[in-house]
Amino acid sequence: MADESKISSSTENGSDDGARSLMTDFWCDHSKDATLEEMMLDTQARALCVEEQPEILSLLPSIAGKRVLELGAGIGRFTGVLAESAKHVTAVDFMATFLDKNREVNSHHDNIEFFQADVTKLDFDQGSFDVIFSNWLMMYLTDEEVIQLASNTLRWLTDGGYLFFRESCFHQSGNKKRDFNPTVYRKPAQYNAIFQGTALQMDSIQNGDKIGAGFDLIFSRSVQSYIKLKKNQNQFCWLMQKVKRDTDANHGFETFQQFLDNQQYTRQGILRYEKIFGDGYISTGGPQTTEEFVAMLDLKPGQRVLDVGAGIGGGDFYMAKTYGVEVVGMDLSSNMIEIAMERASEYRDLKVQFEIADVTKRDYAPESFDVVYSRDTLLHIDDKGALFHKFLTWLKPGGQLLISDYCCGDLPHTDAFKSYVAQRGYTLYTPKAYGKLLETAGFINVKAEDRSWQFMEVLEEEKAKVEQEKEEFVKQFSEADFQYLIDGWTNKLTRSKAGDQKWGLFTAEKAGTSQLQGGHCNECL
Numbered sequence: 019m020a021d022e023s024k025i026s027s028s029t030e031n032g033s034d035d036g037a038r039s040l041m042t043d044f045w046c047d048h049s050k051d052a053t054l055e056e057m058m059l060d061t062q063a064r065a066l067c068v069e070e071q072p073e074i075l076s077l078l079p080s081i082a083g084k085r086v087l088e089l090g091a092g093i094g095r096f097t098g099v100l101a102e103s104a105k106h107v108t109a110v111d112f113m114a115t116f117l118d119k120n121r122e123v124n125s126h127h128d129n130i131e132f133f134q135a136d137v138t139k140l141d142f143d144q145g146s147f148d149v150i151f152s153n154w155l156m157m158y159l160t161d162e163e164v165i166q167l168a169s170n171t172l173r174w175l176t177d178g179g180y181l182f183f184r185e186s187c188f189h190q191s192g193n194k195k196r197d198f199n200p201t202v203y204r205k206p207a208q209y210n211a212i213f214q215g216t217a218l219q220m221d222s223i224q225n226g227d228k229i230g231a232g233f234d235l236i237f238s239r240s241v242q243s244y245i246k247l248k249k250n251q252n253q254f255c256w257l258m259q260k261v262k263r264d265t266d267a268n269h270g271f272e273t274f275q276q277f278l279d280n281q282q283y284t285r286q287g288i289l290r291y292e293k294i295f296g297d298g299y300i301s302t303g304g305p306q307t308t309e310e311f312v313a314m315l316d317l318k319p320g321q322r323v324l325d326v327g328a329g330i331g332g333g334d335f336y337m338a339k340t341y342g343v344e345v346v347g348m349d350l351s352s353n354m355i356e357i358a359m360e361r362a363s364e365y366r367d368l369k370v371q372f373e374i375a376d377v378t379k380r381d382y383a384p385e386s387f388d389v390v391y392s393r394d395t396l397l398h399i400d401d402k403g404a405l406f407h408k409f410l411t412w413l414k415p416g417g418q419l420l421i422s423d424y425c426c427g428d429l430p431h432t433d434a435f436k437s438y439v440a441q442r443g444y445t446l447y448t449p450k451a452y453g454k455l456l457e458t459a460g461f462i463n464v465k466a467e468d469r470s471w472q473f474m475e476v477l478e479e480e481k482a483k484v485e486q487e488k489e490e491f492v493k494q495f496s497e498a499d500f501q502y503l504i505d506g507w508t509n510k511l512t513r514s515k516a517g518d519q520k521w522g523l524f525t526a527e528k529a530g531t532s533q534l535q536g537g538h539c540n541e542c543l
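In structure tokens, the structure reads:
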């Protein structure tokens, strides 16, 4: 349980007194009556809250019997709900009027402790909380203060504990008039970089090395109620988990996401790839193969599609526009999703949402989707069998699965190919073995095709296109970027012609209700 003595009044953590003063002045202007409209800075606050509050709560991990720290608790629209399940809630806010209202509304709960404190001057013992919850807070802190808070929250959480936070990104969302606005509207990638770059060195020793801890991303996504009611995709929320760190597992980076965003999928690298794949695409064949493969699904208006490895969203916009489906596009690369969200402003009437997420850690309710779709992404996943089990759970009875992915040929492989796979960190199977994994996971009507012939045809076309447009390409990027793509495509063709690298297309279904009632399905055999 928290202790008042643990709240420091010092500024040793590097808090910028000028920034704190400015933010205090701002909130003094917007907290006089402690109303919902003031706190949410929006005249439509009540209508927004009806849909937004349950959505935010639905994204939290289980808090039953847990110790919860709520930062920026405000007038308590989440505090009381959290207290209904949690063992204990520590509610913190630096505006007295807001906290007084919170205490008044939630005084009937005996498991809430209220603290008026500036989060930049807050301190607790290591491992004090199981879950930390923050709804609109860091946008009122400087970059240095967010970095310090990231370090503090990591220390305050127990091992395996969760951090959930929600922020306004890119630009202002609330419509309430403001005489001045010191709010910091960051990009989602900035929050990802700060929190996933935060590390805690532990005292315990394993194999001679100190064991560290850090934040792993579970997901980051737009708040859907704001998209629905205001066509605003800039409200973002995150769920992160405190985990032990092994940088050797991520090519020297703290997380695999950092490896992707700083190596293969830098923003420049993504845009460079887009030039060869086609506008909006970061997968083999771009719009050409997308149209062919999506047609195989016979999508119907209103169906829900999960795109695992959505890239910059071209396939998702195409499916939503052409077939009237609702698409959830997921990718671990924050750079990819940031570009996808920038493009989404052109497609505001389409039902497409994006999230930054690790599919191996993400979870959805059973039977959430009609289709799971993935293009040249799962090569990064080691335990594909476990992932296919998740896909099966997320699909509705009779739901469809379509995957294209890099594969390998039969052994032996050349040293060059083995070096390529190791350098990229891929886990590859032959098309036949890949199909067997799907069958073992419980899918029926599995069709595993070796589409290497098509892969090589497309590679030749893409390479020729870039060569023809070299002058324009070099003007936008560089001679080095041009040579990088030409060398990459040449090497892929060499590996494919040698039989080392394959490209597979896989379709499968989840048994329908009638098939399950018939007495057995592949999942039961």
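Take 19 as the starting number for the sequence shown in our numbering and just add one per residue.
Think of the CB as a built atom: it goes at the ideal place given N, C-alpha and C, for glycine as much as any other residue.
For residue 412, the enclosing alpha helix (DSSP H) starts and ends at 402-412. The secondary-structure analysis by DSSP pairs residue 185 across a beta bridge with 254.
Nearest to residue 158 by C-alpha distance, out of 143, 181 and 113, is 113. Going by beta carbons, residue 374 and residue 352 fall inside the 9 Å limit. Looking from the CA of residue 392, the closest CA among 383, 369, 420 and 401 belongs to 420. Straight through space, the alpha carbons of residue 383 and residue 148 are spaced by roughly 23 Å.
Between the alpha carbons of residue 332 and residue 472 lies a gap of roughly 21 Å. For residue 118, the uninterrupted alpha helix (DSSP H) run begins and ends at 114-123, by DSSP. According to the DSSP assignment, residue 391 belongs to the beta strand (DSSP E) that extends over 387-393. Annotation: residue 509 to residue 498 spans about 16 Å, alpha carbon to alpha carbon. Sequence-distant partners of residue 426 (beyond 5 residues in either direction) whose C-beta falls short of 8 Å from its own C-beta, in its chain, are 435, 439, 446, 447, 448, 518, 519 and 520. For residue 232, the pairing in a beta bridge is given by DSSP as 217 and 261. Here the alpha carbon of residue 81 sits roughly 10 Å from the alpha carbon of residue 179. Around residue 464, the same chain offers 453, 456, 457 and 526 as residues with beta carbons nearer than 6 Å, after the five sequence neighbours per side are excluded.
When rounded, the separation of the alpha-carbon atoms in residue 37 and residue 171 is 21 Å. Remark: C-beta atoms of residue 257 and residue 350 do not approach each other more closely than 9 Å. In the structure shown, the three-state DSSP call for residue 135 is coil. Annotated as distal: residue 511 and residue 459, with beta-carbon spacing of 9 Å or more. The three-state reading of DSSP puts residue 335 in helix, counting H, G and I together.
Residues of the same chain with a CB within less than 6 Å of the CB of residue 380, apart from the 5 flanking positions on each side, are 237 in chain order. Under the DSSP assignment, residue 374 falls in the beta strand (DSSP E) whose first and last residues are 370-375. The beta-carbon distance between residue 466 and residue 522, rounded to whole angstroms, is 6 Å. This is short enough to meet the 8 Å contact definition. At a Cβ-Cβ threshold of 9 Å, residue 121 and residue 54 do not count as neighbours.
Here residue 160 is buried, its C-beta having at least 16 other C-beta atoms within 10 Å. With a cutoff of 9 Å on beta-carbon distance, residue 192 and residue 59 are scored as near each other. Taking the Cα positions, residue 242 is about 8 Å away from residue 70.
A distance below 6 Å between beta-carbons, with the five flanking residues on each side excluded, links residue 388 to the following residues of its chain, in chain order: 321, 322, 414 and 417. It is roughly 24 Å from the alpha-carbon of residue 492 to the alpha-carbon of residue 358. In this structure residue 348 is not in contact with residue 312, their Cβ atoms being roughly 17 Å apart against a cut-off of 8 Å. A direct Cα-to-Cα measurement between residue 394 and residue 163 gives close to 39 Å.
A direct Cα-to-Cα measurement between residue 502 and residue 480 gives close to 14 Å. For the segment 150-209, the continuous beta strand (DSSP E) assignments of 3+ residues that do not extend past its boundaries occur at 175-186, in sequence order. In this structure the segment 130-144 does not lie against the segment 183-202, because fewer than three pairs of beta carbons, one per stretch, are closer than 8 Å. Per DSSP, the unbroken beta strand (DSSP E) holding residue 527 starts and ends at 519-527.
Residue 431 sits in coil when the DSSP states are folded into three classes, being neither helix nor strand. Under the three-state reduction of DSSP output, residue 288 falls in the helix class.
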